[in-house]
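Chains as they are written, first to last, in the working numbering: chain Z, 436 to 923; chain V, 436 to 923. Idealized CB from N, CA, C, for every residue including glycine.
Right under this line is the structure:
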């Protein structure tokens, strides 16, 4: 059960790109660094989105939509924020094209905007400019708004799902009466992110606090979920920020408190993105392709009929009719592959696409009143009596969901190390893996380690235990226990 | 049942803006012409979106996502297309900001792009550049892809939901082997639009063909659904285009046919947008505010407890507990307003928000084992025995859904006229209403009428009957029977 599948033989990066293409998940768009999410990849995103959307709605959040365009001056209102995003902004300067007899279609210079517009890299500024209008008194609080949107961050080195110039995400932006309430919201959301990652995507995560040098530009505190990918590198899978009163101050958003005072509003923001699809591939993928957790798989069961002629095909069709409709009725996502390719071709294709369960049916199975089942997580075949399909398939899907999580967790735990010297630290970072060790709390130490090894502090985990530990670089008493790794 | 509610006393345009603001649907964003869709408006959009998303998925369509950014040169590949959109494009020219000691945050001139980027006004060009890579043979067809996305068309005169610089929509883009198949798809989708408008939004529509001067830039034929608003003007509520081989030719997308020939691919595209929310307001709204069709209303039943003290409040709470959970279990969207405002204030607020059914419960109702029901479409009160709540509420919602449609249909039919002279034509267009009349098929006639009266041909309805009719302007035998109106 805990056997990690053979690791990819290809160079990891080529292997990743191959899966993204072959499984039909995504493609590069014509403008450098942009991404086309193909139908199969988008269904995966829809399932992730729907799962998280239900979670936040159950906890009282509502969706809304804010504009793509932000006046340049807004971005500059919060000093750290503009510093963090200025270098990767798409900027709109004109609003009209015209035909030029010599040069063809050109920008109409007369359409130049008075103030340039930034395409949102994130929406804090535009949203707080609206909250300024919407919040007067404690009666208007809390505001618990989320939006599903596209954002743009101009990137030089891109990789599909992991880093592209445009990506899809959700961004929550909440406003509160007190610091405590904002802090609670920040952590409540982080817990939902943990649930989404572990219980739906079967990706084990460390939860904790980012150091100051890794936090969101404009936040007081950034919390994160951090996962280990199949090449032992870390991937930041979601972040939840306590923004303090920074944006309220930048946009002058005050409210009348219950005891009639005026105070700046407290804020949070939090996001997960299509990057999670990259995390799924990098956590669960193997040499044969994707392995998808049943809860988010676009297809949970693929049925491959094995027939030599039309007569056999018809028999299989009627044999399968009732179990298929029963499975669908019980909410299971079933697909029957009636195409003309060979069974071998189909096996490979659906393994590449990561479908959790394959069901084969041929003439002999009809005779034996059975179907053949293959689990994508482990391989091997099971003969299942036809009468047990409806009861067994959901159980198997649940077993696969847990099995993928266990495999990933064992792999992560096996590759998370304690070390006794900086030399050992460097050698593990070099070979690959997470190092859990003491840190003296100094940004200089952090920077020096990053320059030496390319490893960064992924988080100060909630369950840290710095007592009696020493800083891995300086040998001083540790202020925190942290997790170091090279990251995506 | 068919009594049209009193028409707004305010100037229609002020009345519209007032509802959008007061009902909490939307607000202008900081960049001129952009829109913030507030939570209540966005829930409405989510319900419309989910309804249509199910319809297209049931008919074999899948969702995907294409980039926001289009190379400028792509837009120019289809001649009519660039002509149609060039004048309203947001254009990205730079990708970095920097700090200037004197001027503050400015564009970094060194980040100028080699080729400027257009923010998508619609996605035909970027999508057909991808289809070029995806389509080789008839085996790759049909492609039935849809995307839910934001698009940008720079507008000078904007109005929330009806015309904004950025809006949300769905755009379907399909690719087919034959002209016939593409034509069938175009009309099948138009029929889904009709169903969405009439059966969900309770908005009666005329379906038909656009004239050449009103068709989509790049289409062979544009079909539409056209609705009459409360001020008797027309609103184009959805369009479905047969693109012929225009985009396939522009992007050189050929496929190998079943009999081994090479042919250009046939295409359609189709879209509906957040404009439909504007249509809902303008069709059903009255002096008191919105009136929402139950099928898409964010809240279908609002419950107003009427209590003078905590003791009464507790009694109402336990009295309502079981009917509320029963209603919710049966899928009805119920909200109880426990806020401290007066009942009168609450009545006004929920009427403004257009909730179809209001349920009042006070001490006297508990004594009589009843609730008081008020229908938003008609007003007046009904006393409903408590035991009948679960059976009667769904019936009432269904009655209201039909009643709103009937009212709107009667209003439209009462204001759609046949005319015997051009003078009569002009006087109706002046007063308001649709005119159904003969047209000689000439764009010159169309233009002259537009210049004279501001009326345009909204569509050539499918059920036209030109035989024996004459052109309203020229008196020549009619080539088509058409619908003229002033439009949004």
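Asked	Found
Cβ contact check for the stretch 814–831 of chain V and the stretch 758–766 of chain V: 3 or more pairs under 8 Å	yes
Cβ neighbour criterion (16 or more within 10 Å) applied to residue 875/V	buried
Cβ-based neighbour list, residue 921/V, same chain, cut-off 6 Å, excluding 5 preceding and 5 following	668, 889 and 890
Cβ neighbours of residue 511/Z in the same chain (closer than 6 Å, five flanking residues each side left out)	517
Alpha-carbon to alpha-carbon, residue 460/V and residue 723/V	15 Å
Residue 594/V versus residue 786/Z: straight-line alpha-carbon distance, rounded	51 Å
Residue 614/Z versus 702/Z, 658/Z and 496/Z, residue with shortest Cα-Cα distance	702/Z
Span of the beta strand (DSSP E) around residue 470/Z	470–472
For residue 658/Z, the residue or residues it bridges with in DSSP	644/Z and 675/Z
Residue 528/Z classed as buried or exposed, judged by whether at least 16 other C-beta atoms fall within 10 angstroms	buried
Euclidean distance between Cα positions of residue 436/Z and residue 811/V	Residue placement at residue 436/Z cannot be trusted, given a pLDDT of 34 that sits under 50; what the coordinates show is reported in the next sentence. Answer to the nearest angstrom: the Cα atoms are 59 Å apart.
Cutoff 7 Å; reference residue 741/V; Cβ partners in own chain excluding five residues on either side	778, 795, 796 and 797
Distance CB(residue 486/Z)-CB(residue 731/Z) smaller than 8 Å	yes
Extent of the continuous beta strand (DSSP E) run through residue 585/Z	578–587
Local Cβ density within 10 Å of residue 780/Z, reported as buried at 16 or more and exposed below that	exposed
Reference residue 602/Z; option with closest CA among 584/V, 446/V and 856/V	584/V
CA nearest to the CA of residue 581/Z, picked from 643/Z, 707/Z, 679/Z and 822/Z	707/Z
Cα-Cα separation, residue 571/Z to residue 689/Z	7 Å
For residue 713/V and residue 454/V, the rounded distance between their alpha carbons	10 Å
Complete beta strand (DSSP E) runs within the stretch 503–589 of chain Z (minimum length 3 residues, chain order)	504–506, 526–529, 532–535, 539–542, 547–554 and 578–587
Residue 897/Z burial status per 10 Å Cβ neighbour count (16 or more: buried)	exposed
The stretch 902–910 of chain Z / the stretch 855–874 of chain Z touching (three or more Cβ pairs under 8 Å)	yes
Neighbourhood of residue 590/Z by C-beta, 8 Å cutoff - its chain only, sequence neighbours within 5 removed	468, 523, 598, 599 and 600
Residue 815/V versus 782/V, 833/V, 850/V and 695/V, residue with shortest Cα-Cα distance	782/V
Contained alpha helix (DSSP H) runs [length at least 4] in the stretch 808–857 of chain Z, N- to C-terminal order	824–849
Cβ of residue 598/Z within 8 Å of any chain V Cβ	no
Interface residues of the stretch 596–626 of chain Z facing chain V [CB-CB below 7 Å]	601 and 603
Counterpart residues of residue 793/Z in DSSP-defined beta bridges	737/Z and 809/Z
Residues, ordered as in the chain, of the stretch 727–740 of chain V that lie near chain Z by beta-carbon distance below 9 Å	none
Beta-carbon gap between residue 836/Z and residue 632/Z smaller than 8 Å	no
Pick from 861/V, 845/V, 868/V and 900/V that is closest to residue 886/V, judged by C-alpha positions	861/V
Closest by C-alpha distance to residue 851/V, when choosing among 884/V, 918/V and 824/V	918/V
Paired residues, beta bridge with residue 773/Z - DSSP	DSSP lists no partner for residue 773/Z.
Chain Z contact for residue 438/V (CB, 8 Å cutoff)	Because residue 438/V sits at a pLDDT of 41, beneath the cut-off of 50, its placement in the model cannot be relied upon, and the point is left open.
When 634/V, 624/V, 687/V and 538/V are compared against residue 643/V, the one with the closest alpha-carbon	624/V
is_contact[residue 917/V, chain Z] using C-beta, thresh 8 Å	no
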